[in-house]
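The listed protein sequences derive, respectively, from chains A and B. Its first residue numbered 306, the first sequence is counted upward by one per residue in this note's numbering. Its first residue numbered 314, the second sequence is counted upward by one per residue in this note's numbering. We put the CB at the ideal spot given by N, CA and C, even for glycine. To start, the structure under review is shown below, and the notes come after it.
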Amino acid sequence: MNRTNQSRYEQRVMQAYQAHKQSGGPTYILGIETSCDETSASVVRDGREVLSNVIASQADIHKRFGGVVPEVASRRHVENITLTIEEALREADKTLDEIHAIAVTYGPGLVGALLVGVAAAKAISLARGIPLIGVHHIAGHIYANRLVEEMDFPLISLVVSGGHTELVWMKGHGQFEILGETRDDAAGEAYDKVARALNMPYPGGPHIDRLAHEGEANVPLPRSWLEPDSYDFSFSGLKSAVLNTLHNAAQRGETIQPANLAASFQDSVTEVLVEKTLRAVRQFGAKQVLLAGGVAANRGLRERLQSRCQQEGIPLVIPPLSLCTDNAAMIAAAGYIRYEKGEFAGLDLNGVPGLSLAEH
Amino acid sequence: MRVLAIDTSNLVLSVAVVEDERVLAETTTNQQKNHSVRMMDAISELLDATNTSPEELSGIGVAIGPGSYTGVRIGVASAKSIAWSLNLPVVGVSSLQAVAMNALGFADLIVPLFDARRGQVYTGSYTSRGLDSLDVLEKERIILLQEWLPLMRDRAGGRSILFLGEDVRMHRQTIEQVLGEQALFASPAFNHPRAAHIGYLAMQRLQESGDAHALVPEYLQLAEAEAKWLAQKQEGSVKE
Ligand SMILES: [Zn+2]
């Protein structure tokens with residue numbers, strides 16, 4: 306950058322960064338996350354320690370619509386955004402003067418929702434001369450693990466959420482390589498669709514998980530392994546198989562125990578997720594497995610992954626529930642890596658709904 | 314007193330720094346709808362050009378709609394965040410009134426409008442009090458243009474009606490069909506909002522401004538899903 310063309314804002318940000326680096330003191334990052342239906346803000350110390358993690362959830366509002374309505378979510382974010390940030394600072398007992406950077410999710414997600422968080426982050430950054438960091442939402446989910454345990458590279462992270470199913474290979478901090486991803490539905494979406502077929506309310510994941518523990522996995526359902534060397538996933542065939550099973554049974558006048566169907570569905574999903582993860586561990590010599598994303602709350606998945614990782618003798622990290630679902634602490638944690646490298650965003654940072662992890 | 318003013322409620326991006334009785338700087342574009350990318354840099358440049366550090370501001374003025382939902386949100390989310398982080402008052406100004414202010418001094422009826430799809434417009438009516446303020450006659454609303462025009466004819470009596478706004482062009486024929494020569498149209502520079510007007514209005518209202526947290530857009534409409542849900546609820550076909 307041409308020094309003479311530097312804006313005052315850019316000068317302030319670089320001065321603040323250099324002064325803090327020289328001081329050698331701890332780093333406090335304010336995280337902001339608005340990619341879907343949670344307005345969240347958090348203060349994290351040195352990328353590891355959560356001082357606050359405030360989440361204004363809209364789940365009750367969207368439940369009535371049977372899914373997240375983007376326009377409704379965006380409206381709520383505008384109402385909540387500064388209140389949520391203020392609350393996060395208060396709980397952390399910090400003021401903006403003590404914040405070294407603002408890390409914000411800029412994709413992927415609902416564009417209208419992302420824009421609210423990005424606008425707020427940029428506004429505060431400009432007003433107070435605080436460095437700005439753009440964070441990929443999935444990078445955030447993965448870094449939620451670092452709030453629990455230090456990362457040990459190389460590692461494999463299995464990311465499963467309402468919108469994502471990905472196997473990510475990491476050689477070092479901030480280096481993400483996607484080994485495989487879903488070719489159709491995300492695992493969480495498949496859960497929601499099957500839950501709807503079983504007349505369970507949105508979001509369906511927790512209901513299926515609970516029901517599955519009451520049933521027996523005795524309904525034959527396919528496993529979608531795809532090509533032998535592929536790390537990709539596919540859940541739409543499984544979802545159709547579940548619907549067909551229900552339909553055929555109804556036509557024959559038989560009843561299928563919903564608990565058994567839920568257990569069988571969950572068995573198929575988790576077997577594929579877990580076995581592909583472990584194959585990646587063996588092939589790439591990973592030292593650690595990280596589970597990330599909202600579906601990490603799923604008991605069936607946690608249990609299977611735990612027991613298989615134990616069998617294979619590979620350390621597994623699963624964040625607590627509050628850090629698995631969307632939250633800003635994970636964004637601050639991921640932002641810390643970029644802070645250390647001085648990778649700051651400009652005031653032209655935009656919300657990017659289809660942001661890719663590899664290129665961000 | 315220095316006020317930063319912002320309008321991103323439609324295609325126009327306008328930002329200004331106003332000091333007491335003077336407009337120190339204003340940037341207005343009417344071409345690209347990437348406000349999220351351009352607005353904050355535009356503000357940064359304007360602050361530098363007027364030698365203003367953010368801490369020297371006395372308040373923020375922002376157009377709060379109606380307009381494009383996303384556009385309005387970018388302006389409002391940014392304005393309330395700047396205001397909150399600097400502990401400044403923030404004043405929300407009607408996006409329609411901001412356009413109407415272009416016609417300060419016009420003797421008859423001033424009617425700004427934005428297209429709101431399906432034959433509807435966001436609109437209101439104003440008269441000029443002297444050369445520096447407006448009185449609101451009809452509060453801003455969303456209404457079918459075909460219903461609005463006769464209403465305006467009645468309201469105007471024999472006076473003329475000046476239609477303002479970038480979207481007037483697309484409705485000009487309809488307006489002329491109903492109102493004939495009673496309808497007036499302005500030269501292009503009158504049709505887009507200027508943040509300088511918003512800054513001036515905001516400056517007068519800084520004392521009465523509320524908490525930055527409470528600032529929200531004025532959409533004039535429920536989100537479609539909410540409207541549907543409410544209608545179904547009234548029919549009794551859904552439970553809470
Ligand atoms: Zn997520």
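Quick one: is proline 563 of chain A buried, meaning 16 or more other Cβ sit within 10 Å of its Cβ, or exposed?
buried
Classify glutamate 494 of chain B: buried if its beta carbon has 16 or more other beta carbons within 10 angstroms, exposed otherwise.
exposed
Spatial distance of alanine 364 of chain A from arginine 468 of chain B (CA atoms)
Alanine 364 of chain A and arginine 468 of chain B have their C-alpha atoms roughly 46 Å apart.
Please say whether lysine 498 of chain A and lysine 427 of chain A have beta carbons closer to each other than 8 Å?
Pairing lysine 427 of chain A with lysine 498 of chain A gives a Cβ-Cβ distance that is not under 8 Å.
Could you tell me whether the Cβ atoms of isoleucine 642 of chain A and histidine 478 of chain A are closer together than 8 Å?
Taking 8 Å as the cut-off, the Cβ atoms of isoleucine 642 of chain A and histidine 478 of chain A count as close.
Members of the stretch 427-440 of chain A that neighbour chain B once the beta carbon cut-off is set at 7 Å:
Lys427, Ala428, Ile429, Leu431, Ala432 and Arg433
If we define contact as Cβ-Cβ less than 8 Å, is tyrosine 314 of chain A a contact residue for chain B?
yes
Residues in the stretch 370-390 of chain A with C-beta within 8 Å of chain B's C-beta atoms, listed in sequence order?
Phe370, Val374, Glu376, Val377, Ser379, Arg380, His382, Val383, Glu384, Ile386, Thr387, Leu388 and Ile390
Give every residue of the same chain whose Cβ lies closer than 7 Å to the Cβ of asparagine 307 of chain A, excluding the five residues on either side of it in the sequence, and list them in chain order.
Caution is warranted here: a pLDDT of 47 is assigned to asparagine 307 of chain A, below 50, making its placement in the model unreliable, and the coordinate value is therefore given only provisionally. Nothing listed; no residue qualifies.
Methionine 314 of chain B to cysteine 629 of chain A, Cα distance in whole Å?
47 Å
Based on Cα-Cα distance, which residue from B:Val316, B:Val481 and B:Arg518 lies nearest to serine 446 of chain B?
Each of B:Val316, B:Val481 and B:Arg518 was checked against the Cα of serine 446 of chain B, and the nearest Cα belongs to B:Arg518.
Report yes if the C-beta of histidine 441 of chain A is less than 7 Å from at least one heavy atom of ligand 1; otherwise report no.
no
Please state whether DSSP places serine 539 of chain A in a helix, a strand or coil.
If DSSP states are grouped into helix, strand and coil, serine 539 of chain A belongs with coil.
Given 7 Å as the limit, tell me if serine 466 of chain A has its C-beta closer than that to any heavy atom belonging to ligand 1.
yes
Taking just the CA atoms, how far does serine 345 of chain A sit from aspartate 631 of chain A?
Distance from the CA of aspartate 631 of chain A to the CA of serine 345 of chain A, rounded to the nearest whole angstrom, comes to 8 Å.
Residue range of the beta strand (DSSP E) that includes tyrosine 435 of chain B:
433-442
With respect to the beta strand (DSSP E) encompassing leucine 457 of chain B, which residues constitute its N-terminal and C-terminal limits?
446-457
Would you mind reading off the limits of the beta strand (DSSP E) that contains valine 331 of chain B?
326-332
With three or more beta-carbon pairs closer than 8 Å as the criterion, would you say the stretch 596-614 of chain A touches the stretch 512-520 of chain A?
With the cut-off at 8 Å, the stretch 596-614 of chain A and the stretch 512-520 of chain A touch.
Using DSSP's beta-bridge definition, name the partner residues of methionine 483 of chain B.
Note: methionine 483 of chain B sits in no beta bridge, so no partner.
Determine the chain B residues that contact leucine 288 of chain A at a beta-carbon separation under 8 Å, and present them in chain order.
Here chain A comprises residues numbered 306 to 665, so residue 288 of chain A is not present and cannot be evaluated.
Can you tell me which residues form a DSSP beta bridge with glutamine 593 of chain A?
A:Leu460
Would you say isoleucine 356 of chain B reaches chain A, if we count a Cβ-Cβ gap shorter than 8 Å as a contact?
yes
Just how far apart, CA to CA, sit leucine 535 of chain B and arginine 454 of chain B?
13 Å
Along the chain, where does the beta strand (DSSP E) that runs through leucine 437 of chain A open and close?
437-441
Can you pull the chain A residues whose beta carbon is under 8 Å from the beta carbon of serine 349 of chain B, in chain order?
Taking a Cβ-Cβ cut-off of 8 Å, the neighbours of serine 349 of chain B in chain A comprise Leu420, Val423, Ala424, Asn655 and Gly656, given in sequence order.
Tell me the rounded alpha-carbon separation between leucine 420 of chain A and asparagine 655 of chain A.
7 Å
Using a Cβ-Cβ distance cut-off of 8 Å, determine whether leucine 401 of chain A contacts chain B.
yes
Residues of chain A with a CB under 7 Å from the CB of aspartate 554 of chain B: which are they?
Outside the shown range of chain B, which is 314 to 553, sits residue 554 of chain B, and nothing can be said about it.
Using only the alpha-carbon positions, how far apart do phenylalanine 458 of chain A and glutamate 369 of chain B sit?
48 Å
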